[in-house]
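A short worksheet on the structure shown next.
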Amino acid sequence: MSDDLPFSTTPADLAAFLAGRLCHDLMSPASALASGIDLLQDPSMASMQDETIDLIGKSAKKLIDLLEFCRVAYGASASAEAFDAEKLGAVLSKLFEHMRPDLAWEVEPGAVSKTAGRAMANLAQMAGSALFSGGTVRVRSTLEGETVAIAIEGEGPRARLRAEVLDGLEGRGWGEALPGHWVQGYYVRQFVDDAGGRVMVDVGEGRIAFAVTLPQ
Numbered sequence: 030m031s032d033d034l035p036f037s038t039t040p041a042d043l044a045a046f047l048a049g050r051l052c053h054d055l056m057s058p059a060s061a062l063a064s065g066i067d068l069l070q071d072p073s074m075a076s077m078q079d080e081t082i083d084l085i086g087k088s089a090k091k092l093i094d095l096l097e098f099c100r101v102a103y104g105a106s107a108s109a110e111a112f113d114a115e116k117l118g119a120v121l122s123k124l125f126e127h128m129r130p131d132l133a134w135e136v137e138p139g140a141v142s143k144t145a146g147r148a149m150a151n152l153a154q155m156a157g158s159a160l161f162s163g164g165t166v167r168v169r170s171t172l173e174g175e176t177v178a179i180a181i182e183g184e185g186p187r188a189r190l191r192a193e194v195l196d197g198l199e200g201r202g203w204g205e206a207l208p209g210h211w212v213q214g215y216y217v218r219q220f221v222d223d224a225g226g227r228v229m230v231d232v233g234e235g236r237i238a239f240a241v242t243l244p245q
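For the sequence shown, the working numbering begins at 30 and goes up steadily by one.
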């Protein structure tokens, strides 16, 4: 745990909060998938077979897309020390098929360090979740000397970043809120700090911007 964080929690607690967040995100499509299978097995619902098969297909795709995202955002994903930018963009594009805003992936092809890739994945999802009424999340990354600069901007009507997400990104505790949304921001702040980088947030009317700088 970085000593620069104004709030600290134990590694075991942080792991528990992250596990709880993952379970929460995956429960909805998993439950819908199980419900669809139950409907297929119910003879009285035979007339809804086409709709049920469609529900099962969509739920299974969402579950797979979320799992693939989680492997990048929270896990090792691969043994290599870098992600491929185009493959990373494809993972996020699949995630955004299940979200209201659109994704504009403007990262140049090539290798992306795991820290930078995790930052882009997590912050893009947070920006998308803040655009309740749709909009666009734009992801960019540039190399400035020995520094990687990441910019993620979400624009849309009624854009709102949860207070607990902001608290997490700024290294504060979750206060009176549940830690489910807080923990993702705190996790990002921690691994960016540990890599010697910085994460910044700018919230305005209809706009949310994240900026990350990391050593190359």
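Where is the CB? At the ideal position from N, CA and C, for every residue including glycine.
Which residue wins for smallest C-alpha separation from residue i, given the options the options?
i	options	result
V166	A178, F239, I85	F239
Q219	R201, G233, A206	R201
T242	P35, K143, G225	G225
V177	E80, V228, D83, C99	V228
E234	A63, Y215, L190, D196	L190
Which first and last residues belong to the alpha helix (DSSP H) in which residue i is found?
i	result
G104	It is not in any alpha helix (DSSP H) - G104 carries neither H nor E in the DSSP assignment.
E115	114-125
A75	First-last for A75: undefined, no H or E at that position.
S158	143-159
R218	208-223
Are residue i and residue j closer than 7 Å when you measure CB to CB?
i	j	result
A180	R147	no
V136	S170	yes
G157	W134	no
A188	V141	no
L124	F161	no
K91	H53	no
Can you say whether residue i is buried or exposed, counting buried as having 16 or more other CB atoms within 10 angstroms of its CB?
i	result
D231	exposed
A114	buried
Q70	exposed
Q154	buried
M30	Any reading at M30 must be qualified, since the residue scores a pLDDT of 42, below 50, and its modelled position is unreliable; the value itself is stated next. So M30 counts as exposed.
Q213	buried
Kindly give me the distance between the Cβ atoms of residue i and residue j, rounded to whole angstroms, as I take these residues to be in contact under 8 Å.
i	j	result
I237	A159	5 Å
G183	P130	7 Å
G204	E193	7 Å
D222	L34	7 Å
G65	S88	6 Å
Beta strand (DSSP E) containing residue i: first to last residue?
i	result
D131	131-136
E173	165-173
T176	176-184
G25	Limits of the chain in this structure are 30 at one end and 245 at the other, which puts residue 25 out of reach.
Give a single yes or no on whether residue i has its beta carbon closer than 6 Å to a heavy atom of the ligand COA.
i	result
G174	The ligand content of the structure shown is nil, which means the ligand COA is not present either.
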